[in-house]
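Numbering (my numbering), first residue to last: 1 to 93.
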């Protein structure tokens, strides 16, 4: 998770923590099996980002794994694996 005021496109500059509300919520979802709603925004570079800007709801996902990793500079990252729930409309491109 980001600290308040941190630019989401800036390079990570501190260790992430499981105490961060977003990270803790996703980790809890992984433990309970409750799905999360995925909303994509225009800032993150991804083939799935909305083509016309803005935000898009992309359905329900299960958090299948919550784990720690390290950046190239050795900073701690909280990482998650997501799996799209079945029976939903196809993703928009």
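Every residue gets a Cβ at the ideal spot worked out from N, C-alpha and C, and that includes glycine.
Around the CB of residue 63, 16 or more other CB atoms lie within 10 Å, so the residue is classed as buried. Counting along the chain, residue 25 sits inside the alpha helix (DSSP H) bounded by residues 21 to 32. With contacts defined by Cβ atoms closer than 8 Å, residue 65 and residue 30 form a contacting pair.
The region 48 to 55 and the region 68 to 88 do not touch, with fewer than 3 CB-CB distances between them shorter than 8 Å. With contacts defined by Cβ atoms closer than 8 Å, residue 91 and residue 48 form a contacting pair.
Assignment of beta strand (DSSP E) within the region 52 to 92, counting only whole runs of 3 or more residues, yields 56 to 70 and 76 to 84 in chain order.
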